[in-house]
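First the structure, in the form of structure tokens, and then the observations on it.
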Amino acid sequence: MNPAATGPLASAPDRELLAALSPTAVIFDFDGTLVDTSTLNTDAARASFTDLDLPVPEPWLHNAPLADLTALRELLHRDLGLRLPDTDSEFVARTRAHWLTLARRARPVARVCAAARHLASAAVPLAVASANDGQVVRAGLAASGLDGLFRTVVAREHVARLKPAPDAYLLAAARLAVPPDQCLAFENTDEGISAALGAGIPVIDIRDRTWNARRP
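Here it is as structure tokens:
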């Protein structure tokens with residue numbers, strides 16, 4: 000079955016907004032925007048810290064910058080007096096392995112996914128721009144019934160700088176062969192919104208009840 004034809008339909012106001020914006024291409028964030036992964040990311044990181052015998056308190060873990068390993072190392076040492084023995088690539092691989100065992104728990108964010116399916120059905124090219132690991136993103140999309148919807152996935156391993164830097168959005172637009180100002184982004188964090196705007200891409204903050212495009 001065509002994945003663009005499955006799942007809930009976009010609401011009339013969302014369809015009208017997308018028609019009015021008329022983007023040439025659309026780029027979606029992954030974590031918390033397309034797929035609800037908050038507990039998955041935390042559970043995978045917790046398992047990695049347990050592997051490494053690092054006693055990380057639960058409240059600290061829930062507020063930790065799990066995507067930014069430089070910041071994570073600094074806060075581990077500053078707040079808890081702990082040092083991460085893994086290299087960045089080792090920690091990413093360790094946490095990825097835990098995440099993939101939990102991928103079946105990934106759930107689509109219904110309103111955003113309905114918008115994505117509506118756009119795909121109209122032959123608008125779609126991409127994902129994420130600070131997460133590429134294998135994790137693809138597994139989460141598959142578990143949520145969204146695989147096959149996106150022409151390209153840009154993940155942390157594809158860029159030198161993570162959000163709020165614009166690199167992921169610039170690369171996604173380049174892969175879609177669409178100028179950034181003709182794209183539209185969907186995001187759910189201040190860092191992600193800054194990344195999209197920094198790339199020159201209008202962005203919808205899905206946290207708003209009424210969606211509107213913020214422009215650079």
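Residue numbers for the sequence shown follow numbering that gives the first Met the number 0, beginning at 0 and rising by one.
C-beta atoms are modelled at their ideal positions from N, C-alpha and C, and glycine is treated no differently.
So, for residue i: in the same chain, excluding its five sequence neighbours on each side, which residues have a beta-carbon less than 7 angstroms away from its beta-carbon?
i	result
Ala114	Ala9, Asp13 and Leu17
Ala154	Ser129, Asn131, Asp132, Gly133 and Val136
Pro165	Ala194, Gly197 and Ala198
I believe residue i touches residue j by the beta-carbon criterion, under 8 angstroms. Please report the beta-carbon distance rounded to the nearest angstrom.
i	j	result
Leu39	Arg116	Leu39 to Arg116, Cβ: 22 angstroms. No contact.
Ala126	Leu175	6 angstroms
Quick one: residues in its chain with C-beta nearer than 6 angstroms to the C-beta of residue i, no 5 flanking neighbours on either side, listed in chain order?
i	result
Gly191	Asp28 and Lys162
Gly199	Pro179, Asp180 and Pro215
Ala109	Pro7
Leu65	Asn40 and Ala44
Thr49	none
Taking only three categories from DSSP, how would you classify residue i?
i	result
Leu161	coil
Val34	strand
Leu183	strand
Val55	coil
Pro2	For Pro2, the predicted structure reports a pLDDT of 42, less than 50, and the residue's modelled location is therefore unreliable. A value from the coordinates is still provided. Three-state result, Pro2: helix.
Val91	helix
Phe27	strand
Asp146	coil
Thr151	strand
Ala176	coil
Ala43	helix
Ile203	strand
Arg213	strand
Asp85	coil
Leu60	helix
Arg208	coil
When you compare only the Cα positions, how much space is there between residue i and residue j?
i	j	result
Ala46	Ala92	12 angstroms
Thr188	Asp204	8 angstroms
Ala25	Val158	It is Val, not Ala, that sits at residue 25 in the sequence shown. In a straight line, the C-alpha of Val25 is about 19 angstroms away from that of Val158.
Leu79	Glu57	12 angstroms
Pro84	Cys182	40 angstroms
Ala96	Leu81	23 angstroms
His61	Thr36	13 angstroms
Arg206	Leu140	20 angstroms
Glu15	Leu169	27 angstroms
His76	Leu53	11 angstroms
Ile73	Ala19	Checking the sequence, you will find Glu at residue 73 rather than Ile. Cα to Cα, the separation comes out at about 45 angstroms.
Leu148	Trp210	22 angstroms
Ala171	Val152	7 angstroms
Val55	Ala11	46 angstroms
Identify, in the order they occur along the chain, each residue of the same chain with its Cβ nearer than 8 angstroms to the Cβ of residue i, setting aside the five sequence neighbours on each side.
i	result
Val177	Thr23, Ala24 and Pro124
Leu71	Ala63, Pro64, Leu65 and Leu83
Arg106	Val34, Asp35 and Ser143
Which runs of the alpha helix (DSSP H) at least 4 residues long sit entirely within the segment 104 to 140? Give them in chain order. 109 to 120
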